[in-house]
Amino acid sequence: MSDLLRAPAEIKYAEELDWLESVDDNPKPFSWRLSPKMTRLFILGSERSDGLDREIPQKWFGDRSFVERAIVTLASDRGLLLIGDPGTGKSWLAELLSAAISRNSTLVVQGTAGTTEDHIKYSWNVSMVIAKGQSRESMIPSPIMTAMENGAIGRFEELTRSTSDVQDALISILSEKYISVPELDSDNIVFAKPGFSIIATANSRDRGVNDLSSALKRRFNFVRIPVVTNKKSEAEIVRFRTEELLRRHQIELDVPPNLLDVLLQSFADLRASAAAAGSDDEKLESALSTAEQIGVLEDAILHSNFFGERALTAHTLASSLVGSLARREPEDLAILNKYLHGVVEPRSKEEGGSWPEFLAGGRDTIATLS
Numbered sequence: 030m031s032d033l034l035r036a037p038a039e040i041k042y043a044e045e046l047d048w049l050e051s052v053d054d055n056p057k058p059f060s061w062r063l064s065p066k067m068t069r070l071f072i073l074g075s076e077r078s079d080g081l082d083r084e085i086p087q088k089w090f091g092d093r094s095f096v097e098r099a100i101v102t103l104a105s106d107r108g109l110l111l112i113g114d115p116g117t118g119k120s121w122l123a124e125l126l127s128a129a130i131s132r133n134s135t136l137v138v139q140g141t142a143g144t145t146e147d148h149i150k151y152s153w154n155v156s157m158v159i160a161k162g163q164s165r166e167s168m169i170p171s172p173i174m175t176a177m178e179n180g181a182i183g184r185f186e187e188l189t190r191s192t193s194d195v196q197d198a199l200i201s202i203l204s205e206k207y208i209s210v211p212e213l214d215s216d217n218i219v220f221a222k223p224g225f226s227i228i229a230t231a232n233s234r235d236r237g238v239n240d241l242s243s244a245l246k247r248r249f250n251f252v253r254i255p256v257v258t259n260k261k262s263e264a265e266i267v268r269f270r271t272e273e274l275l276r277r278h279q280i281e282l283d284v285p286p287n288l289l290d291v292l293l294q295s296f297a298d299l300r301a302s303a304a305a306a307g308s309d310d311e312k313l314e315s316a317l318s319t320a321e322q323i324g325v326l327e328d329a330i331l332h333s334n335f336f337g338e339r340a341l342t343a344h345t346l347a348s349s350l351v352g353s354l355a356r357r358e359p360e361d362l363a364i365l366n367k368y369l370h371g372v373v374e375p376r377s378k379e380e381g382g383s384w385p386e387f388l389a390g391g392r393d394t395i396a397t398l399s
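If you count the sequence shown from 1, you need to add 29 to reach the numbering used here.
Structural data, given as structure tokens:
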């Protein structure tokens, strides 16, 4: 695993999944590797009442009911659509579900304006077709077709970014549970095996890009993943991801709790400002998601490790925040400057602590970028 830039969940947590499978005596639907109960436990972590011989850490932070509804949906014959704002953990939840159920989370189609029907059905190996003609051997199955043949979970990222033709093709797969291959005279239908399902994700900010038809909506159960607004939950997510980052980069660097508090408070302040804004021009282009918060901290940690004194400072954290969130110039820089002047400056005078240094770091970065 050490030679992979990013190991999928089934590899990253392989030993844990093996152990859970060995002690899992609960009923399992279809060809599931873990039961629904153990799948939930793998994702949300174990509790003392579970009576396990080892602790299973929490990997996704959110309401238990969302995970349970997702698992129940996948145990039925309906698809699962995870919908929410950017950075709410939709794709990570989909990956964990696929890893627990199928031990394969890599059967993924990425929805874009360029995604075609071939990407969710099949294409052809041209050289083999020329040499031997069209056959099952010369056919290149899509990740969705492979999931059907294996009775596994297929994933479709950013469903609303794909065109209506692609969405219509998906309706047929979800309804009929087979794909026809009219180019072949025999063996020309690929049937889905029990256990096959699709987890799709959709960005709620993409509403209107390619709206889902009512026919496609009927074939999905919707689970809406809200933005994390609870500071304690958000702190747990950021801390969990930061520890992963430090392990992956083999960095020994402490993240002082007071700086984590500064980061959390800054994002809370900026979200409140965006909610009170009268127009989009008065809002940062950033969604200010938890994922972006993690990105700011990652940038600050790496900068401190490689170019700083191997210690995270409020100055570096502010510099990373401004650099990461200022995507439009001069609009975003003006919004951030207003925040520093109107919120951070009074707070630094009243509370002291890390805020004066954070204020200085933000102002220095804005001056450099302006």
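Glycine is no exception: its CB is placed at the ideal position from the N, C-alpha and C atoms.
In this structure, the straight-line span from the alpha carbon of Ala123 to that of Gly382 is close to 40 Å.
Residue pairing by DSSP places Val252 opposite Leu111 in a beta bridge. For Asn287, the uninterrupted alpha helix (DSSP H) run begins and ends at Pro286 to Ala305, by DSSP. For Ala176, the closest C-alpha among the options Leu136, Ser51, Thr189 and Leu365 is that of Leu136. Scanning its chain for C-beta atoms nearer than 7 Å, with the 5 sequence neighbours on each side dropped, one finds around Asp194 the residues Glu146, in chain order. For Glu205, the closest of Ser226, Phe185, Leu81 and Asp310 by C-alpha to C-alpha distance is Ser226.
The Cβ atoms of Thr319 and Thr117 sit closer than 9 Å to each other.
In the three-state reduction of the DSSP assignment, Ala347 falls in the helix class. With fewer than 16 other beta carbons inside 10 angstroms of its own, Phe336 counts as exposed.
Spatial neighbours of Glu327 in its own chain (CB-CB distance under 7 Å, excluding positions within 5 residues in sequence) are listed in chain order as Leu274.
Taking a cut-off of 8 Å for Cβ pairs, the region 77-86 and the region 283-290 do not touch, as fewer than three such pairs fall below it. Sorting Val252, Ser152, Asp240 and Leu199 by C-alpha distance to the C-alpha of Arg190 places Asp240 at the top.
In this structure, Leu313 keeps its C-beta atom at 9 Å or more from the C-beta atom of Ala305.
Assignment of Thr230 by DSSP, reduced to helix, strand and coil, places it in the strand class. Note on geometry: alpha-carbon atoms of Lys57 and Gly140 lie some 31 Å from one another.
Collapsing the DSSP output to three states places Phe225 in coil. Asp53 and Leu63 have their alpha carbons spaced roughly 7 Å apart. If one requires a minimum length of 4 residues, the alpha helix (DSSP H) runs lying completely within the region 106-168 are 119-131, 146-149 and 155-161, in chain order. Glu374: member of the alpha helix (DSSP H) spanning Glu374 to Glu380, first to last residue. Pairing Asp92 with Ser167, the inter-Cα distance amounts to about 45 Å.
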